[in-house]
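Q:
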Amino acid sequence: MKFGHKLATDLYPEWRFYYLDYDELKRRLKKSEIEHAGFTDAKEATFVEILERELEKVSSFRQIKGDELARRVQHCEAVVESILAEGETKESDFESVEREIGSINVEVTELSKFIRLNYSAFLKILKKHDKHTNYMLKPSFMVRMSARPFYKESFDNLIIRLSKLFDTCRTGGKRSQENANAGGSQQNFVRRTTKYWVHPDNVTEVKCIILKYLPVLVFSAKGGKDPDPAITSIYFDNDAFDLYVGRLEKSEGAEALRLRWYGNMDQTEIFVERKTHREDWTGESSVKSRFPIKEKYVNDYLKGTYTMEKTIAKFRERKQKSEKELEHLEQLSTEVQQTVLKKGLHPVVRTFYNRTAFQLPGDARVRISLDTELTMIREDNYDRSRSGSNWRRTDVGTTAPFSYVAGEDVNAFPYAVLEVKLQTQYGTEPPTWIQELVKSHLVEEVPKFSKFIHGVATLLDNKISLLPFWLPQMDKDIRKPVPAGYRSLEWGSSNEEPPRAVDRALIVRPRSKKQKDSDLDSIEVVIEPVRSVSSFRRSGADERTPLLGAGPSSRGGERRRKKPFGLGSIGSLFKKESDSEDSGPTPAQAAKRIALPVRVEPKVFFANERTFLSWLHFCIVLVTLALGLLNFSDKVGQISGLIFTLVAMMFMIYALFLYQWRAHKIRNRDAGPYDDRVGPTVLVATLFFAVLTNVWLVFTGK
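Position in the sequence shown (from 1) plus 166 gives the number in my numbering.
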């Protein structure tokens with residue numbers, strides 16, 4: 167689709183006179199080209215004058231409309247406060263306010279699209295101008311655009327205020343005790359998690375859809391400061407990348423180890439987190455657990471010279487935690503430290519992103535997070551010193567897009583990551599609005615997506631031989647065609663209740679409709695103390711949406727920077743191209759395997775057990791016959807009974823070996839073969855020999 171047609175299709179009809187007049191500017195360029203008269207200085211001056219007027223028009227409308235929406239939100243807040251001040255409220259009291267904030271919500275989404283469409287239109291027309299004329303206008307005009315940066319303003323503050331208004335109208339200004347306790351115990355809960363990619367063009371719209379049903383989770387920062395949505399994690403691995411391979415292959419017991427903090431680099435509290443994958447056949451669920459540690463002790467802790475004994479003693483003395491929690495903390499800190507020392511783990515990759523979290527306070531049934539400005543940064547010391555002997559780099563802060571970091575050390579992920587966590591009773595469907603959202607053109611499902619795995623696969627591709635299955639998808643545009651007539655966000659009802667909570671662990675484990683035999687939804691068990699408000703406030707949601715999206719990746723030099731979505735072609739992961747023409751041939755690299763998500767059904771293990779029990783049943787029959795001959799027969803029968811006893815023992819040993827052998831291959835997802843042609847042949851021959859021996863003894867004995 168040509169951009170002119172896209173602009174005409176996607177524009178908001180009520181604002182059509184405030185968009186860049188792309189067709190008129192394009193017509194002027196084509197007219198000059200058709201007339202073969204060239205683009206004279208006079209025509210260039212006229213073109214620039216028109217372009218400046220268009221910039222003024224777009225920028226002024228953006229400012230006026232933004233101020234108007236802010237004033238409308240302020241008016242709604244005043245109306246809501248006056249309703250609540252009257253005391254008893256009815257649902258009908260908020261109907262007019264809810265209609266108004268619904269209208270504002272739609273216009274915020276449309277204004278976001280307005281900004282992106284116009285910014286793209288300016289870039290397109292400047293590119294066409296420089297291509298079809300002898301004048302280079304783009305560099306100088308980009309400076310003028312930076313003086314009127316209509317494309318850099320964020321809607322985050324407006325979205326948070328709208329979220330509070332929606333929540334107040336939804337609850338009538340009262341948070342019911344039922345919702346407050348609906349999530350059940352937060353000490354040990356199970357939930358189903360699915361992940362999606364969201365194109366930067368759709369980020370604001372996705373936020374506006376979600377906030378109608380779930381409030382933005384915001385907590386006040388310490389010292390009265392504004393909440394910082396930044397989350398930074400340092401992932402650890404060894405030189406063999408054992409943790410990377412284990413997490414990618416979803417091996418039983420595979421661990422991921424990271425150190426995480428919320429906010430800027432001045433944070434003194436660091437969280438040591440361990441994620442452990444459990445296969446379904448074990449009967450256990452995947453576990454994520456963590457504990458806090460002071461930043462000044464992190465290096466000594468990783469070296470094994472510092473333990474958590476003093477911290478645990480302080481907690482015990484102040485009675486801040488229960489004895490069970492302290493035992494868990496001591497065990498976890500010891501196990502993590504031993505893992506680091508035993509496996510030789512060191513910093514490998516850093517991930518940074520700004521998170522917007524949506525959740526009803528105290529209700530864990532539906533939790534949604536949207537991570538934007540996701541960036542991966544190298545932390546290793548393979549080719550040069552980065553983190554050195556420290557647990558993290560000191561030359562990298564928490565301000566995207568990290569243009570000051572060396573190009574080969576950073577990779578800007580081109581999309582936002584939407585994570586939907588549901589806790590539903592068995593047989594209960596997720597809320598209708600969630601089903602419609604995840605099936606819409608706004609998101610792209612990416613099962614088992616991992617920031618750690620993606621960071622290693624893109625930044626350290628020369629160190630690994632196994633790649634995640636989603637990597638080839640990075641070269642494709644994930645945007646889907648907009649359904650005909652799609653415009654408003656009137657999905658479901660903002661009063662729709664999340665699924666009822668359950669007291670018992672009857673948690674549905676649904677499968678993807680696209681892949682019925684694959685486990686696309688991970689089950690996560692979190693066993694950790696309830697975080698205090700002070701610890702939650704750093705995971706809040708005032709996240710700054712990058713209106714222009716993530717910039718091109720700087721990995722791999724200028725050649726890769728020109729790639730459309732910030733990641734070089736997947737082909738560059740399989741071969742290395744020379745930057746100069748006369749550098750000579752380079753040896754071909756071995757092709758790398760793509761790891762696809764595979765789930766082993768429990769019924770496979772049950773089938774293996776049934777086969778083992780069938781062998782045992784046959785052995786029991788044979789042993790019964792042999793014991794009868796030994797106890798109640800003559801000498802010839804006793805000899806035959808002894809032979810059959812030995813044969814039965816051979817069968818039992820073989821059956822046990824076969825059962826363990828197949829179980830091992832199934833657990834490791836071995837491609838096979840699973841049959842054994844030699845064993846049964848030997849057993850049949852042995853049994854045949856025993857029968858013939860028995861017959862021979864009987865007849866020769868007579």
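All C-beta atoms, glycine included, are put in the ideal place defined by N, C-alpha and C.
Three-state secondary structure (DSSP) at Gly350?
A: Along the sequence shown, one-based indexing puts residue 350 at 184. Per-residue confidence for Gly350 stands at a pLDDT of 42, beneath the threshold of 50, marking its modelled position as unreliable; the derived number appears in the next sentence. Looking at Gly350 - three-state DSSP - the assignment turns out to be coil, as it is neither helix nor strand.
Q: Just confirm the distance between the C-beta atoms of Leu584 and Val562, as a whole number of angstroms; I'd bet it's less than 8 angstroms.
A: Taking the sequence shown and counting its residues from 1, one reaches residue 584 at position 418. Taking the sequence shown and counting its residues from 1, one reaches residue 562 at position 396. Leu584 to Val562, Cβ: 26 angstroms. No contact.
Q: Three Cβ pairs or more, each shorter than 8 angstroms: is that satisfied between the region 513–531 and the region 490–502?
A: no
Q: Taking all protein chains shown into account, do 16 or more other C-beta atoms lie within 10 angstroms of the C-beta of Leu779, making it buried, or fewer, making it exposed?
A: Here residue 779 refers to the residue found at position 613 of the sequence shown. Burial call: exposed.
Q: Given a cut-off of 8 angstroms, decide if Val464 and Leu935 are closer than it, judged by their beta-carbon atoms.
A: Residue 935 falls outside the range modelled here, since the chain spans only 167 to 868, and no answer is possible.
Q: Between which two residues does the beta strand (DSSP E) holding Leu632 run?
A: For the purposes of this step, residue 632 is taken as the residue at position 466 of the sequence shown. Leu632 -> beta strand (DSSP E) spans 632–634.
Q: So what's Gln433 in DSSP terms, helix, strand or just coil?
A: In the sequence shown, residue 433 corresponds to position 267, counting from 1. The answer is coil: DSSP assigns Gln433 none of H, G, I, E or B.
Q: Check whether the Cβ atoms of Leu383 and Phe481 lie closer than 8 angstroms to each other.
A: As a working note, residue 383 is residue 217 in the sequence shown. As a working note, residue 481 is residue 315 in the sequence shown. Against a cut-off of 8 angstroms, the Cβ pair of Phe481 and Leu383 comes out as no contact.
Q: In angstroms, rounded to a whole number, what distance separates the CA positions of Pro647 and Thr175?
A: Along the sequence shown, read from residue 1 onward, the residue named residue 647 stands at position 481. Along the sequence shown, read from residue 1 onward, the residue named residue 175 stands at position 9. One C-alpha to the other measures close to 12 angstroms.
Q: Kindly indicate which residue of Thr275, Leu217, Phe823, Leu626 has the alpha-carbon position closest to the one of Pro366.
A: In the sequence shown, residue 366 corresponds to position 200, counting from 1. The residue with the shortest Cα to Cα distance from Pro366 is Thr275.
Q: Could you tell me how far apart the beta carbons of Arg440 and Arg456 are, in whole angstroms, since I believe they sit closer than 8 angstroms?
A: As a working note, residue 440 is residue 274 in the sequence shown. As a working note, residue 456 is residue 290 in the sequence shown. Contact flag correct, Cβ pair sits at about 7 angstroms.
Q: If Val877 sits next to Asn284, beta carbons under 8 angstroms apart, how far is it from one beta carbon to the other, in whole angstroms?
A: The chain is shown only over 167 to 868; residue 877 falls outside these bounds and no answer can be derived.
Q: Can you have a look at Met302 and say buried or exposed, based on whether 16 or more other CB atoms are within 10 angstroms of its CB?
A: Here residue 302 refers to the residue found at position 136 when the sequence shown is read from its first residue. Met302 should be labelled exposed.
Q: Whole angstroms is fine: what's the gap from Arg484's alpha carbon to Tyr401's?
A: Working through the sequence shown from its first residue, we reach residue 484 at position 318. Working through the sequence shown from its first residue, we reach residue 401 at position 235. Answer to the nearest angstrom: the Cα atoms are 32 angstroms apart.
Q: Tell me, please, whether the CB atom of Tyr178 is closer than 8 angstroms to any CB atom in chain C?
A: Protein chains in the displayed structure number just one, and chain C is not present.
Q: Would you tell me roughly how many angstroms separate the C-alpha atoms of Glu539 and Val844, rounded to the nearest one?
A: One-based indexing of the sequence shown puts residue 539 at position 373. One-based indexing of the sequence shown puts residue 844 at position 678. If you draw a straight line from the Cα of Glu539 to the Cα of Val844, it is about 58 angstroms long.
Q: Take every Cβ of the region 231–248, pair it with every Cβ of the region 195–213, and state whether three or more of those distances are shorter than 8 angstroms.
A: Remark: fewer than three beta-carbon pairs, one from each stretch, lie closer than 8 angstroms, so the region 231–248 and the region 195–213 are not flagged as touching.
Q: Roughly how many angstroms separate the alpha carbons of Asn628 and Phe810, rounded to a whole number?
A: The count along the sequence shown starts at 1 and reaches residue 628 at position 462. The count along the sequence shown starts at 1 and reaches residue 810 at position 644. Using only the alpha carbons, I get a separation of about 60 angstroms.
Q: Going by beta carbon distance, what residues of the same chain come within less than 6 angstroms of Val611, once the five residues before and after it are set aside?
A: Along the sequence shown, one-based indexing puts residue 611 at 445. Going by the sequence as given, residue 611 is Glu instead of Val. Closer than 6 angstroms at the Cβ level, and outside the excluded window around Glu611, lie Tyr362.
Q: Using the DSSP secondary-structure output, state which residues sit across from Val848 in a beta bridge.
A: Against the sequence shown, residue 848 aligns to sequence position 682. Paired residue(s): none; Val848 is not in a bridge.
Q: What do you reckon, are the CB atoms on Trp331 and Ile267 nearer than 8 angstroms?
A: For the purposes of this step, residue 331 is identified with residue 165 of the sequence shown, where counting begins at 1. For the purposes of this step, residue 267 is identified with residue 101 of the sequence shown, where counting begins at 1. The amino acid occupying residue 331 in the given sequence is Leu; Trp does not appear at that position. Yes; because the gap between Cβ atoms is below 8 angstroms, this pair is in contact.
Q: Give a yes or no on whether the C-beta atoms belonging to Leu625 and Asn577 are separated by under 8 angstroms.
A: In the sequence shown, the residue the question calls residue 625 occupies position 459. In the sequence shown, the residue the question calls residue 577 occupies position 411. The answer is yes: Cβ separation under 8 angstroms.
Q: Where does Arg265 sit, in a helix, a strand or coil, going by DSSP?
A: One-based indexing of the sequence shown puts residue 265 at position 99. Residue state, collapsed to three classes: helix.
Q: Verify whether the separation of the beta carbon atoms of Arg516 and Ser535 is less than 8 angstroms.
A: Taking the first residue of the sequence shown as position 1, residue 516 is located at position 350. Taking the first residue of the sequence shown as position 1, residue 535 is located at position 369. Cβ atoms of Arg516 and Ser535: not closer than 8 angstroms.
Q: Among Arg194, Glu489, Tyr410, Leu468, whose alpha-carbon lies nearest the alpha-carbon of Ala422?
A: To locate residue 422, count along the sequence shown from 1; it is residue 256. Comparing Cα positions, the closest option is Tyr410.
Q: Tell me which same chain residues have a C-beta within less than 8 angstroms of the C-beta of Asn556, skipping the five on either side of it?
A: For the purposes of this step, residue 556 is taken as residue 390 along the sequence shown, with counting starting at 1. Result list for Asn556: Asn465, in chain order.
Q: Assign Ala566 to one of two classes, buried (16 or more other C-beta atoms within 10 Å of its C-beta) or exposed (fewer than that).
A: Taking the first residue of the sequence shown as 1, we reach residue 566 at position 400. Answer is buried; the Cβ neighbour count reaches 16.
Q: Per DSSP, what are the beta-bridge partners of Lys361 in this structure?
A: On the sequence shown, position 195 is the one that residue 361 refers to. DSSP output for Lys361 lists Glu585 as bridge partner(s).
Q: Since I believe Leu195 is in contact with His298 (beta carbons under 8 angstroms), could you give me their beta-carbon distance rounded to a whole number of angstroms?
A: For the purposes of this step, residue 298 is taken as the residue at position 132 of the sequence shown. For the purposes of this step, residue 195 is taken as the residue at position 29 of the sequence shown. So it is a contact: roughly 5 angstroms between Cβ atoms.
Q: For the alpha helix (DSSP H) that Asp914 lies in, which residues bound it at each end?
A: No statement about residue 914 is possible, as the shown extent of the chain runs from 167 to 868 and does not include it.
Q: Which residue's Cα is closest to the Cα of Lys378: Phe518, Ile600, Thr434?
A: Within the sequence shown, numbered from 1, the residue matching residue 378 stands at position 212. The residue with the shortest Cα to Cα distance from Lys378 is Ile600.
Q: Taking 8 angstroms as the limit between beta carbons, can you name the residues of its chain near Leu328, skipping five residues before and five after?
A: By 1-based counting over the sequence shown, the position of residue 328 is 162. Result list for Leu328: Val239, Ile267, Ile270, Asn271, Val274, Cys374, Leu377, in chain order.
Q: Curious, which full-length beta strand (DSSP E) runs of at least 3 residues does the region 774–841 contain?
A: none
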